[in-house]
Amino acid sequence: MIDEKVVMQCGHCRNRTVFNMEGEYIHKVSPEGGLLPENVYDVTTWRIMQCLTCSQPTLEQISKTIEEKYYHTDEESREWEELLSEPETKILYPTDTIGITPHPSTDMPEDVAKDFNEARSVFSGSPRSSAALLRLAVQKLCKCLGQSGKKINDDIAALVKAGLTPRVQKALDIVRVIGNNAVHPGEIDLE
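Following our numbering from start to finish, the sequence shown increments by one per residue and tops out at 198.
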């Protein structure tokens, strides 16, 4: 066991807490193409950690590019590494970010809530799919509120005339535009 502690938010219990480092694996390879010096490496580290609050595991991946440096004289010898790229950290498990996305309103119609929850469940793996599903949920919600359900922009405008607050209108328009661009070519890049 590695005697290292990490503080971060747990993907299981959502607490900002301490994790015990349970194990680590480091993989170091020379970048493909052969254009870089021999002492340059892509390094990927996988770390398994355990949350001290809920005891659940987390798998983290850290990727970086380094250059190994050496200094040798008759009196001393030193080795070190210099970062050539900023480390990129990803949580590979748990992959489910559903706990950090909002829940549907309790008075949301059941078929709308079903689409909303599906959008929540795919958010971490496919934000574009999530945006498209949220747009569908808004369109169904407009229909439940007495609109035609055919042209979402017209439905939102009619709801504004009926007294919908500007804040809610803005939120619905954001979902409409981003959802449209998730499934149709446009200028918004969800990546």
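We treat Cβ as the ideally placed atom computed from N, Cα and C, and that holds for glycine.
Would you say residue 29 and residue 69 are within 7 Å of each other, going by their C-beta atoms? Result no, Cβ atoms of residue 29 and residue 69 do not sit closer than 7 Å.
How close, in whole Å, do the beta carbons of residue 71 and residue 90 come, if the pair is a contact with beta carbons under 8 Å? The pair is a contact, with the Cβ atoms about 6 Å apart (cut-off 8 Å).
Between the Cα of residue 169 and those of 153, 121, 80, 82, spot the shortest distance and give me the residue it belongs to. 153
Residue 172 versus residue 132: straight-line alpha-carbon distance, rounded: 32 Å
Are the CB atoms of residue 122 and residue 140 nearer to each other than 7 Å? yes
Looking at the secondary structure, which residues open and close the beta strand (DSSP E) in which residue 70 lies? 64-79 is the span of the beta strand (DSSP E), which, as asked, contains residue 70.
Taking all protein chains shown into account, do 16 or more other C-beta atoms lie within 10 angstroms of the C-beta of residue 67, making it buried, or fewer, making it exposed? Label assigned to residue 67: buried.
Along the alpha helix (DSSP H) that carries residue 122, what are the first and last residues, could you check? If you look at residue 122, you'll find it in the alpha helix (DSSP H) that goes 117-129.
Can you check DSSP and say which residues form a bridge with residue 96? 69
Neighbour-count burial assignment, residue 88, 16 or more Cβ in a 10 Å radius: exposed
Helix, strand or coil, according to DSSP, for residue 177 in the structure here? helix
Compute the Euclidean distance between the alpha carbons of residue 165 and residue 142, then round it to the nearest angstrom. 17 Å
Residue 173 beta carbon near the ligand COA (any heavy atom closer than 6 Å): In the structure on display, the ligand COA does not appear, and there are no ligands present to speak of.
My guess is that residue 126 and residue 137 are in contact by the Cβ rule of under 8 Å, so how many angstroms apart are they, rounded? The beta carbons of residue 126 and residue 137 sit about 4 Å from each other, so the pair counts as a contact at 8 Å.
Decide if residue 162 is buried, meaning its Cβ has at least 16 other Cβ atoms within 10 Å, or exposed. buried
Would you call residue 102 buried or exposed, if buried means 16 or more other Cβ atoms sit within 10 Å of its Cβ? exposed
Residue 120: which of 45, 108, 109, 144 sits nearest, CA to CA? 144
DSSP puts residue 85 in a beta bridge; with which residues? Paired residue(s): 78.
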